[in-house]
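Take 0 as the starting number for the sequence shown in my numbering and just add one per residue. Idealized CB from N, CA, C, for every residue including glycine.
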Amino acid sequence: MIHIAIFFQQLIASLTHIIAKGVTNDVSPVMVLFFRAFIASMVYFIYLLFRKSGFKKIENKDWWLIFVLGLLNIPINQFFFLVGVSFTTAPNVSLAYALTPIFVFIVAAIFYKEKVNTKKIMGIILAVGGAVVLLSEKGFSFTSDSLKGDILALLASLSWGLYTIIGRDFSRKYGAIYSTFLSMAAGFILYIPVFLSFEHEYNVSEITFANWLQILYLGAITSGLGYALWFYALKKIEASKLSVFNNFQPALTAILAFLIFGTGISLYFLVGGTLIIAGVFITQRG
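And the structure:
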């Protein structure tokens, strides 16, 4: 059952890269995120309203965790993700997220004293080398939109790794659905000042019906069902083992991007992707 849930979560995530790329071609990522976060928060709120004992009392010592998870979730992770995918390709973003297990391991090693050995270090070196190959496709000019997008995607992946590590015990304590609602609602509130600072970038009248469907998917399916499935799996599997399933995303996203956008698969993508996935595999085996 748990592996079926993880498969659907990975399929949702792969489609998210594609849909996010499509909608940010037409609508400012800043505005897309505002409505995405609002829809996700409302979906969880309405669900909890009709669920018996849906809302639980939060212990005082856990409020700071809600703040941190909210900050990592919306103003950092989803903001970097949407802005990044607007600059680069969906497959490149999926490869950045394939690095999440490496980020999870590094964070776990630093803060949770997870054991480090030669095999894990070699895996990290391979994965980082793959990321460098991927980033070098358009050259290392920081004026390049593609490079900016790839870097933002890597930062989004890093923040997702932090979110996964920090949210592990919290989700086990309060449950997958309630934990996700709290991080979504807190993240939305924290994002409002960011949204208002980009006032010149949004014009709601320009959003088409197709765009609204895309935003609805990102809010209700990705941030709603997808996040709930992730936290549900996090209750059953260790964070480092769960994050390795992100390796499915590059292949799924590359296939979908080719079918929908006609996005070709470059040699840089193949070499970088192979190194990243091999590095992640070796790290996990270590």
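Spatial neighbours of residue i in its chain, beta-carbon cut-off 7 angstroms, leaving aside the 5 residues before and after
i, result
"Ala175", "Ala227, Phe230, Tyr231 and Lys234"
"Asn210", "Val22, Asp25 and Val26"
"Phe7", "Leu228"
"Gln213", "Ile18, Gly21 and Val22"
C-alpha distance - residue i paired with residue j, whole-angstrom precision
i, j, result
"Ser222", "Leu266", "32 angstroms"
"Ala132", "Phe37", "Strictly speaking, residue 132 in this sequence is Val, with Ala absent from that position. Using only the alpha carbons, I get a separation of about 37 angstroms."
"Ser145", "Lys51", "47 angstroms"
"Val29", "Thr117", "42 angstroms"
"Ala126", "Ser182", "29 angstroms"
"Ile236", "Ser204", "44 angstroms"
"Ile105", "Tyr162", "13 angstroms"
"Lys119", "Thr99", "14 angstroms"
"Leu157", "Asn72", "11 angstroms"
Sub-8 angstroms separation of residue i and residue j beta-carbons
i, j, result
"Phe78", "Lys147", "no"
"Ile259", "Ala97", "no"
"Leu70", "Ile165", "no"
"Leu274", "Gly53", "no"
"Pro74", "Val193", "yes"
"Ala19", "Leu81", "yes"
"Ala12", "Val84", "no"
"Phe169", "Asp61", "yes"
"Phe180", "Leu47", "yes"
Contact set for residue i: own chain, Cβ-Cβ below 8 angstroms, skip 5 residues either direction
i, result
"Leu215", "Ile38"
Distance between beta carbons of residue j and residue i, contact taken as under 8 angstroms
i, j, result
"Val279", "Ile101", "6 angstroms"
"Ala89", "His16", "4 angstroms"
"Tyr190", "Leu32", "7 angstroms"
"Val42", "Gly218", "7 angstroms"
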